[in-house]
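Engineer: Residue numbers (my numbering): 1 to 825.
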């Protein structure tokens with residue numbers, strides 16, 4: 001999509017920037033910036049019929065960054081789609097956001113959208129003071145730097161993204177594009193553009209050392225010119241993972257020109273060769289007509305469906321739509337505006353229908369409690385869910401109706417002008433609902449005055465940093481009984497302020513939990529968070545916390561506590577890694593990481609700080625501690641632990657062998673227990689085992705296995721299919737491909753003669769568990785499943801029309817049934 005984007009915000013749900021139940025410095029989920037559209041489970045947005053699907057082909061964490069190559073499809077793009085976009089029409093790359101400039105209908109105020117994709121957009125609007133403010137209650141800020149010709153987006157966590165402005169000094173090819181990104185501690189990601197196409201993203205830590213890169217290549221032939229051909233992740237110069245793409249062109253049969261056809265994800269195996277990890281295929285409507293629009297996705301084949309279709313002998317380029325429907329994870333039809341009117345999932349087995357109505361009175365964005373769009377979802381069991389959303393896409397009212405009885409259940413939300421939820425009303429608190437009969441009708445909800453649960457939120461109306469009050473941030477949560485009830489405050493939150501170059505963030509400072517309604521602050525359970533901060537590479541302030549001190553509520557001796565104030569301490573690196581921690585008893589833990597992958601490579605528990613580099617001032621081991629237990633972790637190129645090596649201890653082991661794998665004697669030795677894990681992604685297998693090592697990190701280092709190797713074979717979406725225990729051919733050496741002997745070429749599994757235990761999970765194409773085999777007699781022949789009764793005991797599972805597991809048949813024929821109501825209860 002181009003840098004113009006019509007003003008049509010996604011569904012938003014405004015929440016506190018941090019969950020007070022979670023450690024404040026833990027990164028929050030950024031999948032949709034806590035503004036994910038309300039959707040059904042398959043998933044269609046109730047606000048506009050948008051398909052809410054995203055695929056993560058590559059992801060990486062390091063240097064304080066979380067970067068991925070995530071793509072999402074948009075069936076609705078205000079202003080049209082055309083052939084723009086490096087992934088073809090109607091596809092977005094969510095980690096390459098751009099700025100779109102416009103005006104708000106009705107007010108004429110300038111708006112700027114930070115567009116990540118069809119269901120993640122951060123909207124900003126003029127604040128009347130010469131700046132910008134979040135339009136839909138977010139906690140991020142967008143500031144314009146006229147001198148540098150750039151916009152600075154700062155998240156509530158302190159991560160900054162820099163965008164080019166639209167000045168002539170910048171050049172039209174760069175207008176609104178992402179220029180760079182900075183971590184909280186001053187690490188940076190640099191984006192290199194070539195004729196408007198992103199060529200390279202390189203990451204550097206706060207020390208300026210760069211290790212990780214995303215490299216992008218594009219097609220150059222006329223039919224596909226400018227379309228993304230591949231993206232490759234490399235770490236320290238070694239290629240790790242890549243995604244390759246193919247498109248419909250030259251009047252292809254199953255999609256308009258320049259639409260995404262295939263996505264192939266590969267990884268480098270242990271031998272340096274590229275191996276396929278998963279593959280997705282897509283088909284589209286080529287013309288607009290009944291149930292279709294040009295560029296609308298017709299069929300989506302997930303990796304398991306692709307594999308099964310090929311196994312069935314189908315050529316995915318030439319097979320008919322009808323022949324591929326049984327393998328399709330999703331099948332869609334649309335109305336004239338692009339909204340989904342029906343979706344079929346699980347190979348057409350389950351169909352959900354949608355009907356849409358837009359308010360003909362065209363309410364403004366400021367009419368936060370007036371319905372703008374209605375969606376009626378008809379489910380396979382005949383029940384319906386009716387959802388009313390406001391102009392900003394937030395849910396006002398949802399109604400679940402059991403068609404047979406007419407019974408209804410409600411959820412009702414009330415918003416303030418900034419799209420914050422001020423009341424969340426349960427069904428028991430609703431007296432009546434009057435729905436609009438026509439597109440110009442009104443929606444009226446009448447509440448009971450003294451019955452039913454209502455959750456109440458308040459927000460600060462002004463900023464007072466000494467008091468911890470920040471305008472627009474959550475102040476209190478509470479409950480009341482009925483609309484006329486008295487609010488019982490259950491929690492109050494206050495905030496800290498950290499300002500860097502004039503831009504402030506506000507992490508939580510204090511949380512008060514009230515055990516009794518109306519209790520004073522002094523009687524509340526109070527948790528406080530005190531911070532000191534790192535400086536950046538130029539000794540200026542940064543958003544990265546150095547030390548976080550958490551003070552917990554005092555627990556009296558009558559409640560089995562100490563009656564004293566207890567604190568914990570955490571110290572972070574400039575990249576955001578937790579380095580030191582001290583618990584309430586004074587026990588210290590130290591961590592070391594690989595900055596390129598973010599993987600922990602060493603941990604010392606009950607540490608003696610005097611034995612470690614750069615200990616915090618005044619930190620000493622407690623009198624009862626300081627045992628200094630060292631754990632080492634060896635990782636693969638993706639940062640996954642392949643050897644977890646525990647502290648050393650003395651044990652009796654087999655002595656030096658006279659012959660391979662045969663002990664000569666038994667002796668006492670200093671050993672370290674090892675937990676091995678082997679990841680064989682192209683085979684969809686994970687091996688794990690236990691063992692030990694002697695002479696670790698010396699010339700006499702010797703690795704060993706103990707007991708069987710556990711082999712977990714998974715499907716392409718990572719769900720377990722086979723759980724096998726295998727006797728290694730030799731206990732000598734660390735876990736490796738040779739530990740289980742020569743693998744059967746057909747199954748890529750060890751010889752059956754080595755198997756000691758086996759259970760098999762039977763799954764359909766959609767990874768649903770439909771059976772479980774527990775083997776009592778493992779068949780000797782490789783590839784044989786054996787027979788029920790003779791070799792295994794079978795448990796079977798069934799599902800109702802709503803895809804809920806409702807039936808289990810045990811090995812002895814015992815049937816267990818589960819009946820759900822329309823609310824899935």
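Beta carbons: idealized from backbone N, C-alpha and C, even for Gly.
1) Look up residue 192 in the DSSP assignment and say whether it is helix, strand or coil.
2) May I ask you to verify whether the region 110-129 touches the region 314-321, counting CB pairs closer than 8 Å and requiring at least 3?
3) To which residues of the same chain is residue 801 closer than 6 Å at the C-beta, ignoring the five residues directly before and after it?
4) Under 7 Å Cβ to Cβ from residue 697, same chain only, skipping five residues before and after it: list those, please.
5) Kindly indicate which three-state DSSP category residue 637 falls into: helix, strand or coil?
6) Mind checking whether residue 619 and residue 603 have CB atoms under 8 Å apart?
7) Taking residue 191 as the reference, which of 178, 638 and 737 has the closest Cα?
8) Classify residue 176: buried if its beta carbon has 16 or more other beta carbons within 10 angstroms, exposed otherwise.
9) Between the region 275-283 and the region 99-111, can you find at least three pairs of beta-carbon atoms closer than 8 Å?
10) Have a look at the DSSP bridge pairing and note the partners of residue 185.
11) Residue range of the alpha helix (DSSP H) that residue 303 falls in?
12) What residues match up with residue 300 in a beta bridge as DSSP calls it?
13) Of the residues 419, 373, 424 and 482, which one's Cα is nearest the Cα of residue 451?
14) Residue 754 by DSSP, collapsed to three states: which one?
15) Comparing alpha-carbon positions, which option in 418, 455, 678 and 273 lies nearest residue 471?
16) List the endpoints of the continuous beta strand (DSSP E) containing residue 434.
17) From which residue to which residue does the alpha helix (DSSP H) around residue 702 run?
18) So residue 393 and residue 365 are supposed to be a Cβ contact under 8 Å. How far apart are they, rounded?
19) Please report whether the beta-carbon of residue 100 lies at a distance below 8 Å from any beta-carbon of chain C.
20) Assess, as a yes-or-no matter, whether the region 416-435 is touched by the region 133-153 under the definition of 3 or more beta carbon pairs within less than 8 Å.
21) For the region 456-476 against the region 429-442, are there 3 or more C-beta pairs whose distance is under 8 Å?
22) Could you give the C-beta distance for residue 160 and residue 181, rounded to a whole number, given that I count them as a contact under 8 Å?
23) Under the three-state reduction of DSSP, which class applies to residue 683: helix, strand or coil?
24) Any idea what DSSP makes of residue 444, helix, strand or coil?
25) Check whether the region 538-550 and the region 558-575 touch, using three or more Cβ-Cβ pairs below 8 Å as the test.
26) Is it right to say residue 539 is buried, meaning 16 or more other beta carbons lie within 10 angstroms of its own, or is it exposed?
27) Quick one: what does DSSP say residue 243 is sitting in, helix, strand or coil?
28) Can you tell me whether residue 496 is helix, strand or coil according to DSSP?
29) Of the residues 438, 511, 768 and 729, which one's Cα is nearest the Cα of residue 753?
30) Taking only three categories from DSSP, how would you classify residue 836?
31) Reducing DSSP to helix, strand and coil, say where residue 557 ends up.
32) Taking only three categories from DSSP, how would you classify residue 174?
33) According to DSSP, simplified to helix, strand and coil, what is residue 95?
34) Would you list the residues sitting across from residue 591 in a DSSP beta bridge?
35) Please list, in chain order, all residues of the same chain as residue 651 whose beta carbon is under 6 Å from its beta carbon, the five residues on each side excluded.
36) With distance defined between alpha-carbon atoms, name the residue in 808, 198 and 308 nearest to residue 173.
Structural biologist: Let's see:
1) In the three-state DSSP reduction, residue 192 falls in the strand class (E or B).
2) Contact between the region 110-129 and the region 314-321 is absent, with fewer than three C-beta pairs closer than 8 Å.
3) Counting only residues of its own chain and dropping the five nearest sequence neighbours on each side, residue 801 has a CB closer than 6 Å to the CB of 380 and 381.
4) Once the five neighbours on either side are set aside, residue 697 has no close Cβ partner at all.
5) When DSSP states are grouped into helix, strand and coil, residue 637 belongs to the coil group.
6) It is not a contact, given that the beta carbons lie outside the stated cut-off.
7) Out of 178, 638 and 737, 178 has the C-alpha closest to the C-alpha of residue 191.
8) Under this definition residue 176 is a buried residue.
9) Touching, no.
10) Beta-bridge pairing by DSSP links residue 185 to no other residue.
11) The continuous alpha helix (DSSP H) containing residue 303 extends over residues 303-311.
12) Its beta-bridge partners are 282 and 330.
13) Relative to residue 451, the option among 419, 373, 424 and 482 whose CA is nearest is 482.
14) Residue state, collapsed to three classes: helix.
15) For residue 471, the closest alpha carbon among the candidates 418, 455, 678 and 273 is that of 418.
16) Annotation for residue 434: the continuous beta strand (DSSP E) segment containing it runs 430-434.
17) Counting along the chain, residue 702 falls outside any alpha helix (DSSP H), though it belongs to the beta strand (DSSP E) covering 702-714.
18) Here residue 393 is actually not in contact with residue 365; their C-beta atoms are around 10 Å apart, not less than 8 Å.
19) Of the protein chains in the structure, only one exists, and it is not chain C.
20) Contact between the region 133-153 and the region 416-435 is present: three or more C-beta pairs spanning the two stretches fall below 8 Å.
21) When C-beta atoms of the region 456-476 are compared with those of the region 429-442, fewer than three pairs fall below 8 Å, so the two segments do not count as touching.
22) About 7 Å separates the beta carbon of residue 160 from that of residue 181, a gap short enough to meet the 8 Å contact definition.
23) Three-state result, residue 683: helix.
24) Of the three classes helix, strand and coil, the one that applies to residue 444 here is strand, per DSSP.
25) Contact check between the region 538-550 and the region 558-575: three or more CB pairs, one atom from each, fall below 8 Å, which counts as touching.
26) Looking at its Cβ environment, which holds fewer than 16 other Cβ atoms inside 10 Å, residue 539 is exposed.
27) DSSP places residue 243 in strand when its eight states are reduced to three.
28) Correct three-state label for residue 496: coil.
29) A check of alpha carbon separations from residue 753 across 438, 511, 768 and 729 identifies 729 as the nearest.
30) Residue 836 lies beyond the stretch modelled for the chain, which goes from 1 to 825, so this question has no answer here.
31) Of the three classes helix, strand and coil, the one that applies to residue 557 here is helix, per DSSP.
32) Here residue 174 sits in helix by DSSP.
33) In this structure, residue 95 counts as coil in the three-state DSSP scheme.
34) Partner(s): 603.
35) So the list reads 671, once near-sequence residues are dropped.
36) Closest by alpha carbon: 198.
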